[in-house]
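Colleague: Under the UniProt record's numbering, the first residue of the sequence shown carries the number 1, and numbering increases by one thereafter.
Note that CB positions come from ideal geometry on N, CA and C, so glycine has one too.
Here the structure is a predicted model, which is why all the values come from computation and not from measurement.
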Amino acid sequence: MLIFNLLFITQAAMAVPSPILFFFFFFLFLVKLALSDNIQFIFQGFKGNSIENLSLNGASVITSTGAIRLTNYSKNLIGRAFYSSPLHMFKTHSQNASSFSTTFVFVIVPLDPQIAVVMVEFDTATGLWVNDIDGNHVGIDINSMNSTVSKAASYYANQTHPIEPLKLESGMPIQAWIEYDGTQKIVNVTISPLFVPKPSRPLLSAPVDLSHILKETMFAGFSSATGKLAGSHYILGWSFRMNGVAPPLNPSQLPSLPRPKISEKIRKEGIGIGAVCSATTLVLLVIVVFISLYYLQRLKYKDVLEEWELQCSHRFPYRDLFKATKGFKDSEILGSGVLAVCTRECYLQPKKKSRSRKSPTIQDRGSGNS
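See the structure below:
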């Protein structure tokens, strides 16, 4: 589960891990510095000298492909990544918060009351402590985890087509645009799958005057935390511009996700399951072979009664004759005629012999009397 948020938040939160799990944040932190009014930057992936402008902490790392991985599949982790220079949120000698625009591509693969917060949440969990509409929605939050406005995650392909649903936790790259118009005092949030052009119609629009919420200077960055249900959260590219439109990202230049590694626990469980299945198969095979041999042995000694035996005395059982003549060996034959073969039968009693006749016409089935 995950919530992806645009936040404007005070500096105190930078040193204190968030007590709320399953969150994935974009936020701005309060600082007291003088900065340019028109800062902008763009990351087409995170490699080379560009990462010198990033500050990572917690579980955050840069992957071999050039993506920011905020958390991995472990539980109870927190990871953050910030643009290292603070942003000036107000124009010089102005009381109105500046306009800004940011776009980023993310992938989700499975309060302190003194903190001022403006959030755009990309939520994959239905929070029990807040009024979430479902476990796959986008919302705008003002100083609260309860959304001022929210909608199921989706996008408008164009003005005439109906809205298309979008699963946040799909493991596929999603691009988000968050824009604030300082003149109109409105926040727009737009999302779409990567490689789909930016929809002309935003998913969310909310009238918000950030002048009463933002501080003069803030830090921009991302944060993610996992709880009992873990997942990996990635940022593939990011651009930001104050007082203008954020530079567009080039999807062909964005990094790919690293190949997932099989954890040691899963590997051991797989080996154990494989060993149990192999042993079970072997035992079943032995049982089948044993049963087959047993029935073949019974068929070997099976005695077939002829019609005349139903009215007269029966022959010696074939099993007894077979054993007594040692399998009707030639050395046990005393003589043969047209109708029968006479063999010597040795029973268990000492020094006692008898003779029997075996008819050659019944395919080695014993007949005759001693």
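Once the 5 residues before and after Leu-254 are set aside, which same chain residues still bring their CB inside 7 angstroms of it?
Modeller: Gln-44, Gly-45, Val-105, Leu-236 and Gly-237
Colleague: Note down, in chain order, each residue of its chain lying with its Cβ closer than 7 angstroms to the Cβ of Ser-84, except the 5 sequence neighbours on either side.
Modeller: Asn-53, Leu-54 and Ser-55
Colleague: Since Pro-207 sits in a beta bridge, which residues does DSSP pair it with?
Modeller: Ile-186
Colleague: Closer than 7 angstroms by C-beta to Phe-195: which residues in its own chain qualify, once you throw out the five before and the five after it? Chain order, please.
Modeller: Pro-251
Colleague: Can you give the Cα-Cα distance for Ile-68 and Pro-248, rounded to whole angstroms?
Modeller: Near 19 angstroms, if we compare the C-alpha coordinates of Pro-248 and Ile-68.
Colleague: Please identify the residue among Ala-153, Leu-284 and Arg-80 whose C-alpha is closest to the C-alpha of Ser-224.
Modeller: The alpha carbon of Ser-224 has as its nearest neighbour, out of Ala-153, Leu-284 and Arg-80, the alpha carbon of Arg-80.
Colleague: Measure the CB-CB distance between Met-89 and Ser-98 and report whether it falls below 8 angstroms.
Modeller: Ser-98 is positioned such that its CB atom lies closer than 8 angstroms to that of Met-89.
Colleague: Is the beta carbon of Pro-258 closer than 8 angstroms to that of Ser-50?
Modeller: Cβ distance not < 8 angstroms, so Ser-50 and Pro-258 don't count as in contact.
Colleague: Among the residues of its own chain, which have a CB less than 6 angstroms from the CB of Asn-96, if the five just before and after it don't count?
Modeller: Gly-182 and Ser-211
Colleague: Have a look at Leu-293 and Ser-278 and give me their C-alpha separation to the nearest angstrom.
Modeller: 23 angstroms
Colleague: Note down, in chain order, each residue of its chain lying with its Cβ closer than 6 angstroms to the Cβ of Asn-38, except the 5 sequence neighbours on either side.
Modeller: Met-242 and Asn-243
Colleague: Where does Phe-46 sit, in a helix, a strand or coil, going by DSSP?
Modeller: coil
Colleague: Taking all protein chains shown into account, decide if Val-288 is buried (16 or more other Cβ within 10 angstroms of its Cβ) or exposed.
Modeller: exposed
Colleague: For a test of the three-state rule: what should DSSP assign to Ile-213, helix, strand or coil?
Modeller: For Ile-213, the three-state secondary structure derived from DSSP is coil.
Colleague: By Cβ distance, which residues of its chain are closer than 7 angstroms to Ser-154, with the 5 residues on each side in sequence left out?
Modeller: Ile-163, Glu-164, Pro-165, Leu-166 and Leu-203
Colleague: Please specify which runs of the alpha helix (DSSP H), each continuous and at least 4 residues long, are wholly inside the UniProt domain "Legume lectin" (39-109), giving them in chain order.
Modeller: none
Colleague: State buried or exposed for Ala-246, treating a residue as buried only when at least 16 other CB atoms are found within 10 Å of its CB.
Modeller: Buried is the label assigned to Ala-246, since at least 16 other Cβ atoms lie within 10 Å of its Cβ.
Colleague: For Phe-41, which option in Gly-139, Gly-221 and Asn-72 has the closest C-alpha, if you only look at C-alpha atoms?
Modeller: Gly-221
Colleague: Since Ser-147 and Gly-139 should fall inside the 8 angstroms C-beta cutoff, what is the C-beta to C-beta distance between them, to a whole number of angstroms?
Modeller: The Cβ separation is near 3 angstroms, so the contact holds.
Colleague: May I ask which residues mark the beginning and end of the beta strand (DSSP E) holding Ala-152?
Modeller: 147-152
Colleague: Please report how far the alpha carbon of Thr-361 lies from the alpha carbon of Gln-297, in whole angstroms.
Modeller: Interpretation of Thr-361 is limited by its pLDDT of 41, a score under 50 that renders its predicted location unreliable; the figure taken from the coordinates is listed afterwards. Answer to the nearest angstrom: the Cα atoms are 23 angstroms apart.
Colleague: DSSP three-state label for Ala-176, please.
Modeller: strand
Colleague: When you compare only the Cα positions, how much space is there between Pro-197 and Thr-281?
Modeller: 54 angstroms
Colleague: Taking all protein chains shown into account, decide if Gln-175 is buried (16 or more other Cβ within 10 angstroms of its Cβ) or exposed.
Modeller: buried
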